[in-house]
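One structure is given here, and the rest of the page talks about it.
2 protein chains.
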Amino acid sequence: MIKVDLTTAEKFITRTSFEQTWEACAAAHAKLMEGGAPGEEYLGWVTLPENYDREEFARIIATAQKIKSDSQVLVVVGIGGSYLGTRAIIELLQGQNHNLTQKDRPEIYFVGNSLSSNAFYELKTIIGQRDFSINVVSKSGSTTEPAVIFRLLRELAEQRYGADAHKRIYATTDAEKGALHQMALEEGYEMFTVPDDVGGRYSVLTSVGLLPLAVAGVDIENIMNGAARAMKELALGSPDNPAWQYAAARNLLYGQGKKIELLAVYEPGARFFCEWFKQLFGESEGKHGRGIFPSSIEYTADLHSIGQYLQDGERHLFETVLDFGTSENHVYVPYDTKNADALNYLSGKNLDFIKEQAFRAAVKAHADGGVPSVIVEIPGLKAESVGVLVYFFEFACGLSAYMLGVNPFDQPGVEAYKKEMFRRLGKPGHTG
Amino acid sequence: MIKVDLTTAEKFITRTSFEQTWEACAAAHAKLMEGGAPGEEYLGWVTLPENYDREEFARIIATAQKIKSDSQVLVVVGIGGSYLGTRAIIELLQGQNHNLTQKDRPEIYFVGNSLSSNAFYELKTIIGQRDFSINVVSKSGSTTEPAVIFRLLRELAEQRYGADAHKRIYATTDAEKGALHQMALEEGYEMFTVPDDVGGRYSVLTSVGLLPLAVAGVDIENIMNGAARAMKELALGSPDNPAWQYAAARNLLYGQGKKIELLAVYEPGARFFCEWFKQLFGESEGKHGRGIFPSSIEYTADLHSIGQYLQDGERHLFETVLDFGTSENHVYVPYDTKNADALNYLSGKNLDFIKEQAFRAAVKAHADGGVPSVIVEIPGLKAESVGVLVYFFEFACGLSAYMLGVNPFDQPGVEAYKKEMFRRLGKPGHTG
Chain Z
675 MIKVDLTTAE KFITRTSFEQ TWEACAAAHA KLMEGGAPGE EYLGWVTLPE NYDREEFARI
735 IATAQKIKSD SQVLVVVGIG GSYLGTRAII ELLQGQNHNL TQKDRPEIYF VGNSLSSNAF
795 YELKTIIGQR DFSINVVSKS GSTTEPAVIF RLLRELAEQR YGADAHKRIY ATTDAEKGAL
855 HQMALEEGYE MFTVPDDVGG RYSVLTSVGL LPLAVAGVDI ENIMNGAARA MKELALGSPD
915 NPAWQYAAAR NLLYGQGKKI ELLAVYEPGA RFFCEWFKQL FGESEGKHGR GIFPSSIEYT
975 ADLHSIGQYL QDGERHLFET VLDFGTSENH VYVPYDTKNA DALNYLSGKN LDFIKEQAFR
1035 AAVKAHADGG VPSVIVEIPG LKAESVGVLV YFFEFACGLS AYMLGVNPFD QPGVEAYKKE
1095 MFRRLGKPGH TG
Chain C
675 MIKVDLTTAE KFITRTSFEQ TWEACAAAHA KLMEGGAPGE EYLGWVTLPE NYDREEFARI
735 IATAQKIKSD SQVLVVVGIG GSYLGTRAII ELLQGQNHNL TQKDRPEIYF VGNSLSSNAF
795 YELKTIIGQR DFSINVVSKS GSTTEPAVIF RLLRELAEQR YGADAHKRIY ATTDAEKGAL
855 HQMALEEGYE MFTVPDDVGG RYSVLTSVGL LPLAVAGVDI ENIMNGAARA MKELALGSPD
915 NPAWQYAAAR NLLYGQGKKI ELLAVYEPGA RFFCEWFKQL FGESEGKHGR GIFPSSIEYT
975 ADLHSIGQYL QDGERHLFET VLDFGTSENH VYVPYDTKNA DALNYLSGKN LDFIKEQAFR
1035 AAVKAHADGG VPSVIVEIPG LKAESVGVLV YFFEFACGLS AYMLGVNPFD QPGVEAYKKE
1095 MFRRLGKPGH TG
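This is how it looks when you write it as structure tokens:
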């Protein structure tokens, strides 16, 4: 399943300090498995891969089929956890240009995550005269960015489809209350549930992610199978648990002043997976003046940009490298009789092989330069392994935050700018 | 032109410490204007906006016209500074989905910046049976990633176009030597010059960037006009120089333990501009165990993700916010008689206005939480202002690195992984 390779990290962390951490791992593990700690009301994701609502799952598959049959564009409206995981998985499995390569399904765009007029104009240009559907994702329905963009898109749908507009709007929201739930009831939008016990950044394996993923043609059954496998394996309460190893390593490195973690990836399609990771860890751990700052780096491109900093700048960082192993696409370097580029020494070699050497070389060079690498190995870039990976990071994040002594499931700091923004916007009740 | 607003940064930096920094600014300024310091052989970018080769510029315009007339896809092969700035400017001006919205010009893809087999397969799928051209960008022609991908693409072009393949290949490389220069001579590729006195990360305003930008339909004349304006204004040797203010502020904040700088943007299209910024500063300053770690944040999306960390995590960061002012696209929130989302208090308001309030609110909330913001104001998101912005950051980066006491124009750390990779790959002469 998942293996955490600590070979180079162990050059920076003694075996004894690992030994001393397992007790803290065990305590954090118990908090995730049994509750009893701050945030316990948001542990629904722990058993979700087994307990998810099969009836709703079947409805998601059927709805995705309907959207595929009547729409050329699906617009997903959501911010933070309401879109990052979904976009992450689609790009990871289908590449950053998925809307140009996946011709047999609707194009999928994620909006409501900015207040850019340019981005909204771009979306209208892209939709043009084509048929579209809207999936609005918001637990409350009152978050400003998606609510504003949804109001604009609703107007567009009503102009285009008149009284039938509601048949193209799908609301993923609270099962019982909130502005969006109420609106969906009144207007007759089909509804999907954001469970009460799963927070936004942990919600990609609920209908939040599953509906747009199914429209994208991602095999959501295998995603859930992967997550279920991870759930079983990570339930293990011992130092053999790879989530324990990862959580222990990052907390120990943090204790040594490694205050920045770079998620390092070798696939251009993994860019948004890094964004999802940054939200997951940054929002879970970054509180009370504590927490590793999560960042990311895309190899080998960035070996030629901030790679310099990694090698030779301040020594306050470590990297966590995602290793998907070999690809199913094989690309071999051709032989060239002229050999003007002097690359014949690589002819007949697979791109994967060359990538592997670049990867191992970077790990060694960085370790020599004082930057430890933790390597997370997942076999293959396919739906099931992505399900494993998502659950792995969710579980490791919960562990790691409890070990740090913070509640992994709240985000008190997000309120500060909202409060000030509402005052400035003159929102009723916020003008004081 | 450009204004640097230090109002909130000044809550963290005393006026006296600013005063004490101007002398160092003046010394660094002299190094950029007059040379005499390490790296002086790479100062060509300083006067480039006035001195650039007009004959080549005209040839770039003509070549772009030819590519537009005979190609549906332009593949740009390059890594690091050979693609980041170009992609940054295209996405900034035309949005992240430019290949879907700009129908009157070839689609443009950037490759050779990874060793991903998946990414290469994706590109072949995208090209399909359509006509394509290749712009290979490499000073030496021997950098592994672009050289390997170029070899693969050359094969594709030769299969498709036979003896005419060379008419669709454009080499941006050294004017006199190197593997790519030699190959271009022998094969008859049209050539464009990477000047000797401009390093990779400073090269976007040379033919490196200008040719693909022209194909994209970006007004490269106005880009250069903007850069020329910036060049004149930033030549000013006084504390009124906005580049001095920015360079001073970031060095003073760094001295206070603010070891991470987040470039904060409000446009989804600015994602790659942030990547360009990260290379520029990370590679220029991150050496000898020193340097601010450059990262980025995309608002308002990230106010709902690592915004939590910013507000409430470790206090080792500051943000530099890009403020483009109001957009040329106006989007007004419609009135809704039902008001189920309770947003009527915003009806009639422009998205730009709401964004402005979110932006000011975030700056205040972050300052209250211990995170200073430096605000860089540029009027409007158009070619000329982008030219200004590029030159501004280049100049400020040179200043800032000299103030830090490092050579802004070398990248010794990038060699470490290459050396190890060549050994592993068995490159002739590197097996020791």
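Chains Z and C, in that order, are what the protein sequence lines are. Under the working numbering, read the first sequence as residues 675 to 1106, first letter to last. Under the working numbering, read the second sequence as residues 675 to 1106, first letter to last. Glycine included, every Cβ here is placed at the ideal spot set by N, Cα and C.
Assigned secondary structure, residue i (DSSP; H/G/I helix, E/B strand, else coil)
{"i": "residue 969(C)", "result": "strand"}
{"i": "residue 1000(Z)", "result": "coil"}
{"i": "residue 878(Z)", "result": "coil"}
{"i": "residue 932(Z)", "result": "coil"}
{"i": "residue 926(Z)", "result": "helix"}
{"i": "residue 778(Z)", "result": "coil"}
{"i": "residue 846(Z)", "result": "strand"}
{"i": "residue 801(Z)", "result": "helix"}
{"i": "residue 991(C)", "result": "strand"}
{"i": "residue 1105(C)", "result": "coil"}
{"i": "residue 675(Z)", "result": "coil"}
{"i": "residue 1009(C)", "result": "coil"}
{"i": "residue 792(C)", "result": "helix"}
{"i": "residue 783(C)", "result": "strand"}
{"i": "residue 864(Z)", "result": "strand"}
{"i": "residue 725(C)", "result": "helix"}
{"i": "residue 1055(Z)", "result": "coil"}
Buried versus exposed, by CB contacts within 10 Å (16 or more), residue i
{"i": "residue 1012(Z)", "result": "exposed"}
{"i": "residue 906(Z)", "result": "exposed"}
{"i": "residue 933(Z)", "result": "buried"}
{"i": "residue 777(Z)", "result": "exposed"}
{"i": "residue 912(Z)", "result": "exposed"}
{"i": "residue 1029(Z)", "result": "buried"}
{"i": "residue 821(C)", "result": "buried"}
{"i": "residue 883(Z)", "result": "buried"}
{"i": "residue 773(Z)", "result": "buried"}
{"i": "residue 825(C)", "result": "buried"}
{"i": "residue 919(C)", "result": "buried"}
{"i": "residue 1009(Z)", "result": "exposed"}
{"i": "residue 1105(Z)", "result": "exposed"}
{"i": "residue 957(Z)", "result": "buried"}
{"i": "residue 1004(Z)", "result": "exposed"}
{"i": "residue 847(C)", "result": "buried"}
Neighbour flag for residue i against chain C, beta carbons, 8 Å
{"i": "residue 932(Z)", "result": "no"}
{"i": "residue 865(Z)", "result": "no"}
{"i": "residue 847(Z)", "result": "no"}
{"i": "residue 1053(Z)", "result": "no"}
{"i": "residue 1136(Z)", "result": "Because chain Z is modelled from 675 through 1106, residue 1136(Z) falls outside the range shown and cannot be assessed."}
{"i": "residue 800(Z)", "result": "yes"}
{"i": "residue 708(Z)", "result": "no"}
{"i": "residue 805(Z)", "result": "no"}
{"i": "residue 1102(Z)", "result": "yes"}
{"i": "residue 1058(Z)", "result": "no"}
Cβ separation of residue i and residue j, assumed to be a contact under 8 Å, to the nearest whole Å
{"i": "residue 678(C)", "j": "residue 916(C)", "result": "4 Å"}
{"i": "residue 1039(C)", "j": "residue 687(C)", "result": "With 8 Å as the limit, residue 1039(C) and residue 687(C) do not qualify as a contact, their Cβ atoms being about 19 Å apart."}
{"i": "residue 902(Z)", "j": "residue 768(Z)", "result": "Residue 902(Z) to residue 768(Z), Cβ: 23 Å. No contact."}
{"i": "residue 879(Z)", "j": "residue 750(Z)", "result": "At roughly 16 Å, the Cβ-Cβ gap does not stay under 8 Å, so residue 879(Z) and residue 750(Z) are not in contact."}
{"i": "residue 745(C)", "j": "residue 805(C)", "result": "5 Å"}
{"i": "residue 823(Z)", "j": "residue 786(Z)", "result": "4 Å"}
{"i": "residue 994(Z)", "j": "residue 1050(Z)", "result": "6 Å"}
{"i": "residue 719(C)", "j": "residue 1068(C)", "result": "6 Å"}
C-beta neighbour in chain Z for residue i, strict 8 Å
{"i": "residue 1028(C)", "result": "yes"}
{"i": "residue 721(C)", "result": "no"}
{"i": "residue 969(C)", "result": "yes"}
{"i": "residue 988(C)", "result": "yes"}
{"i": "residue 1083(C)", "result": "no"}
Kindly confirm or deny that the stretch 761-773 of chain Z and the stretch 942-958 of chain Z touch, where touching means at least three C-beta pairs closer than 8 Å. Touching, yes.
Are the stretch 1009-1027 of chain C and the stretch 1073-1090 of chain Z touching by the rule of at least three beta carbon pairs closer than 8 Å? When C-beta atoms of the stretch 1009-1027 of chain C are compared with those of the stretch 1073-1090 of chain Z, fewer than three pairs fall below 8 Å, so the two segments do not count as touching.
Three or more C-beta pairs below 8 Å linking the stretch 774-792 of chain Z and the stretch 830-841 of chain Z: A contact between stretches requires three or more CB pairs, one per stretch, nearer than 8 Å, and the stretch 774-792 of chain Z fails this requirement with the stretch 830-841 of chain Z.
Are at least three pairs of beta-carbons, each pair with one atom in the stretch 723-739 of chain C and one in the stretch 860-880 of chain C, less than 8 Å apart? Taking a contact to require three or more Cβ pairs closer than 8 Å, the stretch 723-739 of chain C and the stretch 860-880 of chain C qualify as touching.
Is the stretch 845-865 of chain Z touching the stretch 800-819 of chain Z, taking contact as three or more C-beta pairs under 8 Å? Result yes; three or more Cβ-Cβ pairs closer than 8 Å.
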